[in-house]
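Quick note on numbering: the sequence shown equals residues 1 to 168 in the UniProt record's numbering. Think of the CB as a built atom: it goes at the ideal place given N, C-alpha and C, for glycine as much as any other residue. Worksheet: one structure, shown below.
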Amino acid sequence: MRKLVLSGFLASEEIYINQLEALLLPMKPLKATATTSQPVLTIQQIETIFYKIQDIYEIHKEFYDNLCPKVQQWDSQVTMGHLFQKLASQLGVYKAFVDNYKVALETAEKCSQSNNQFQKISEELKVKGPKDSKDSHTSVTMEALLYKPIDRVTRSTLVLHDLLKHTP
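Here's what the structure looks like:
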């Protein structure tokens with residue numbers, strides 16, 4: 001049962017990482033245009049909208065890369081509490097993200113209303129499907145993706161409770 005809980009969590013972690021990647025994808029080109037004579041967004045707007053997303057992505061990518069082999073080469077004696085402890089120790093990044101969330105959404109909305117280029121970008125983000133999925137990409141709005149880190153904390157808490165229930 002423990003492996004089943006972890007396998008499900010690993011699969012959802014992969015989807016979450018793909019969602020964060022989709023959110024980060026437009027950030028680099030937007031930053032590149034910010035220093036030109038016709039920027040899509042200012043550096044300040046970019047930093048506000050994408051605040052802490054890169055950090056959250058790196059935290060979860062490392063967590064996923066460390067958890068994946070433990071689940072794939074399953075042994076009932078395997079320990080992974082240290083991985084979850086490290087993840088929990090980095091929750092401060094989420095607090096900073098949540099504290100900025102409302103401003104990020106408002107900024108993204110204002111920028112979409114005043115800039116057709118950004119509106120098009122923010123409405124047509126593509127999220128890769130899981131490795132074994134038939135669907136290669138799904139279209140998602142920036143607003144929906146910006147909510148994912150908030151949703152992730154809630155889901156992770158529920159999974160940890162399940163995991164503890166099935167850990168001897």
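For residue i, which residues in the same chain have their Cβ closer than 6 angstroms to its Cβ, ignoring the five residues on either side in sequence?
{"i": "K70", "result": "V78, M80"}
{"i": "N100", "result": "Y51"}
{"i": "L87", "result": "F63"}
Can you tell me the Cα-Cα spacing of residue i and residue j, whole angstroms?
{"i": "Q72", "j": "L91", "result": "26 angstroms"}
{"i": "A108", "j": "S12", "result": "26 angstroms"}
{"i": "T141", "j": "F63", "result": "26 angstroms"}
{"i": "L83", "j": "L146", "result": "25 angstroms"}
{"i": "D65", "j": "I59", "result": "10 angstroms"}
{"i": "K102", "j": "S37", "result": "29 angstroms"}
{"i": "S139", "j": "A34", "result": "25 angstroms"}
{"i": "E143", "j": "F9", "result": "24 angstroms"}
{"i": "L20", "j": "L41", "result": "20 angstroms"}
{"i": "L6", "j": "L105", "result": "32 angstroms"}
{"i": "S76", "j": "I121", "result": "45 angstroms"}
{"i": "I53", "j": "P168", "result": "35 angstroms"}
{"i": "L67", "j": "K165", "result": "19 angstroms"}
{"i": "D162", "j": "S112", "result": "40 angstroms"}
{"i": "I17", "j": "P39", "result": "28 angstroms"}
{"i": "S89", "j": "K95", "result": "12 angstroms"}
{"i": "M1", "j": "P29", "result": "44 angstroms"}
{"i": "K110", "j": "L158", "result": "35 angstroms"}
{"i": "K148", "j": "K61", "result": "15 angstroms"}
Just to check my reading of the structure: residue i and residue j have Cβ atoms closer than 8 angstroms, yes? What is that Cβ distance to the nearest angstrom?
{"i": "V93", "j": "I56", "result": "6 angstroms"}
Quick one: residues in its chain with C-beta nearer than 8 angstroms to the C-beta of residue i, no 5 flanking neighbours on either side, listed in chain order?
{"i": "K31", "result": "I43, I46"}
{"i": "W74", "result": "K3"}
{"i": "H137", "result": "K126, V127, K128, G129"}
{"i": "L160", "result": "F84"}
Which residues in the same chain have their Cβ closer than 7 angstroms to the Cβ of residue i, if we skip the five residues on either side of it in sequence?
{"i": "V98", "result": "I150"}
Do the stretch 22-35 and the stretch 112-129 touch if we need at least three Cβ pairs shorter than 8 angstroms?
-> yes
Are the stretch 105-117 and the stretch 151-167 in contact at 8 angstroms, needing three or more beta carbon pairs?
-> no
In chain order, each alpha helix (DSSP H) run of at least 4 residues that lies wholly inside the stretch 9-75 | 27-34, 43-49, 53-72
What are the complete beta strand (DSSP E) segments, minimum 3 residues, inside the stretch 127-161?
-> Within the stretch 127-161, the complete beta strand (DSSP E) runs of at least 3 residues are 137-140.
Please go through the stretch 78-137 and give each complete beta strand (DSSP E) segment of 3 or more residues, from N-terminal end onward.
-> Complete beta strand (DSSP E) runs here, min 3: 125-128.
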